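*Asks:* Next up is a structure, given as C-alpha cells.
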Amino acid sequence: MSGTFYGIGVGPGDPELLTMKAIKTIQTVDIIIAPKTEKKDGSVAFNIAKPYLKKDVRVVYQVFPMVRGFSESTEAWEANKKEIMGFLAEGKNVAFLTLGDAMFYSTYIYVFRLLEQAGVKIETIPGIPAFCAIGSHLGWPIVEGDDVLSIIPATADAAKIRKTMAASDNVVIMKVYKNFPEIADLLAENGMLEKSVMVSRCGLPDEERIDDIAARKNEPVNYLSTILARKD
Ligand SMILES: C[S@@+](CC[C@H](N)C(=O)[O-])C[C@H]1O[C@@H](n2cnc3c(N)ncnc32)[C@H](O)[C@@H]1O
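If you count by my numbering, then the sequence shown holds residues 116 to 347, one letter each, in order.
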C-alpha cells in the first residue's frame, strides 16, 4: 500500500508556532522532505521543525529552483517528484515542510499540484502565515471593522500594485526584496509610509523590525521580509 504525502506549514520562524497537528505528524512520518534553494545550504523550514524530529527519521533535502509559475516547473522539480513518488510506493509516509502556511505563496503548492495530478494521497496541514505572526508579535492589528485588506506580492505587475494599494485601507506586502525602493515610493504615494512597518525574519534569531522604511529604501532587504501598512 502506498504512503501518504503530508504538506506541513511550520509557521514563519518561532518553533512554538507549529500546530499540535503539525508536530504530531512530523513525529510519525518515515521521511521528511526539507526544501532548499540553490543559493543557501540549509532549509529554514527544516530548522524550525528540528526540535520535534524523531531520532530515526530520514531527512531528504531537495533543491527547488525558483519558478514564477507552475508551467515553468523544471527537470529538478520532476526529479524531486519522482523521488517522493518512490518513497510513497515503498509504503513510506512523507512530510514536506514549508514556511508559514502551506497554501499561501509557497513552493509546496507546486509540489502539491504535481503529486495531486499523479493521484497521490495528500494531507495538507496549515501553518501560521508570516503576516499574522508579525501582527501579533508587534501588537499591530492587521484589519479592523470594515477595513479592506490586500495582500500584495511585490513581485506583481507595478500597475496592478498601484491600483490595489489605492483601493485598499490596509496592505500586507510580501516578497519585498526585489523592488523595495519602488514599494517605499508607492507607500508614500498612498499616504501609508508613516503607518507602515517591515519585519525581516520574524521569529528567527536574527529578526529585525524596521519602522523607518524611507530611510532604509536603498539598502538590501532580506528575502524573508514583510511590510504591514495602513492608511488611517
Ligand atoms: C514564498 S513566500 C512564503 C509565504 C509563507 N507561506 C507564509 O505563509 O507566510 C515568502 C515570503 O513570505 C514572507 N515571509 C515568510 N517568512 C517570513 C518571516 N519569518 N518574516 C518575515 N516575512 C516572512 C516574506 O514576505 C517572504 O518574501
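In this text, a Cβ means the ideal position worked out from N, Cα and C, and glycines have one as well. Model, not experiment: these values are computed from the prediction.
From G128, G126, K170, N162, pick the residue whose C-alpha is nearest to that of D145; which is it?
*Replies:* Comparing Cα-Cα distances from D145 to each of G128, G126, K170, N162, the minimum goes to K170.
*Asks:* Can you give me the C-alpha to C-alpha distance between G118 and E205, rounded to a whole angstrom?
*Replies:* Going by the C-alpha atoms only, they are around 7 Å apart.
*Asks:* Under 7 Å from any heavy atom of ligand 3, does the C-beta of R316 make it?
*Replies:* Ligand 3 is absent from the structure shown, which contains only ligand 1.
*Asks:* Where does the unbroken alpha helix (DSSP H) through Q142 begin, and where does it stop?
*Replies:* Careful: Q142 lies outside any alpha helix (DSSP H) and carries neither H nor E.
*Asks:* Should P127 be labelled buried (16 or more other beta-carbon atoms within 10 Å of its own) or exposed?
*Replies:* Counting Cβ neighbours within 10 Å, P127 comes out buried, since at least 16 surround it.
*Asks:* So is M280 buried or exposed if we call it buried at 16+ other beta carbons inside 10 Å?
*Replies:* Answer is buried; the Cβ neighbour count reaches 16.
*Asks:* Assess, as a yes-or-no matter, whether the segment 131-150 is touched by the segment 211-218 under the definition of 3 or more beta carbon pairs within less than 8 Å.
*Replies:* The segment 211-218, when compared against the segment 131-150, does touch it at the 8 Å Cβ threshold.
*Asks:* Looking at C-beta atoms only, is the number of pairs between the segment 314-326 and the segment 120-138 that lie closer than 8 Å three or more?
*Replies:* Cβ pair count under 8 Å is three or more, so yes.
*Asks:* Can I298 and V287 be called in contact, C-beta distance under 8 Å?
*Replies:* No, the pair does not count as a contact, with Cβ atoms beyond the cut-off.
*Asks:* When every heavy atom of ligand 1 is checked, does at least one fall within less than 7 Å of the C-beta of K170?
*Replies:* It does not: the Cβ of K170 is nowhere closer than 7 Å to a heavy atom of ligand 1.
*Asks:* Whose CA, out of D347, R331, A160, F120, lies closest to the CA of I243?
*Replies:* Cα-wise, what sits closest to I243 is A160.
*Asks:* Just the C-alpha distance for S340 and K207, rounded to the nearest angstrom, thanks.
*Replies:* Whole-angstrom Cα-Cα distance: 35 Å.
*Asks:* As a quick exercise: from L253, V178, A282, E309, pick the residue whose alpha carbon is nearest that of A191.
*Replies:* Out of L253, V178, A282, E309, V178 has the C-alpha closest to the C-alpha of A191.
*Asks:* I'd like the list of long-range same chain contacts for L253, defined as Cβ closer than 8 Å, with 5 residues on each side in sequence excluded.
*Replies:* Contacts found: V312, V314, R324, L343.
*Asks:* Taking the C-alpha atoms as reference points, what is the distance between S158 and W255?
*Replies:* Their backbone Cα atoms lie some 29 Å apart in a straight line.
*Asks:* What residues in its chain sit with their C-beta under 7 Å from that of Y223, if we drop five residues either side in the sequence?
*Replies:* The answer, listed in chain order, is G122, F211, T213, A217.
*Asks:* Quick one: what does DSSP say F246 is sitting in, helix, strand or coil?
*Replies:* Helix at F246.
*Asks:* Just grab the DSSP bridge partners of T213 for me.
*Replies:* Answer is G124, bridged to T213.
*Asks:* Starting from A274, trace the alpha helix (DSSP H) in both directions and tell me its first and last residue.
*Replies:* Segment 273-282, the alpha helix (DSSP H) holding A274.
*Asks:* What's the gap between the Cα of K165 and the Cα of C247?
*Replies:* Looking at the two C-alpha atoms, the distance is approximately 22 Å.
*Asks:* In terms of DSSP beta bridges, what is L343 paired with?
*Replies:* Its beta-bridge partners are V287, V312.
*Asks:* With a threshold of 16 other CB atoms inside 10 Å of the CB of K275, please say whether the residue is buried or exposed.
*Replies:* Exposed.
*Asks:* Closer than 6 Å by C-beta to M289: which residues in its own chain qualify, once you throw out the five before and the five after it? Chain order, please.
*Replies:* So the qualifying residues of the chain are P268, T341.
*Asks:* Please list the terminal residues of the continuous beta strand (DSSP E) segment that includes F266.
*Replies:* Correcting the residue identity first, residue 266 is Ile in this sequence and not Phe. Looking at the DSSP string, the run of the beta strand (DSSP E) that includes I266 is 264-268.
*Asks:* Let me know if S251 comes out buried or exposed under the rule of 16 or more other beta-carbons within 10 Å of its beta-carbon.
*Replies:* Per the 10 Å Cβ criterion, exposed.
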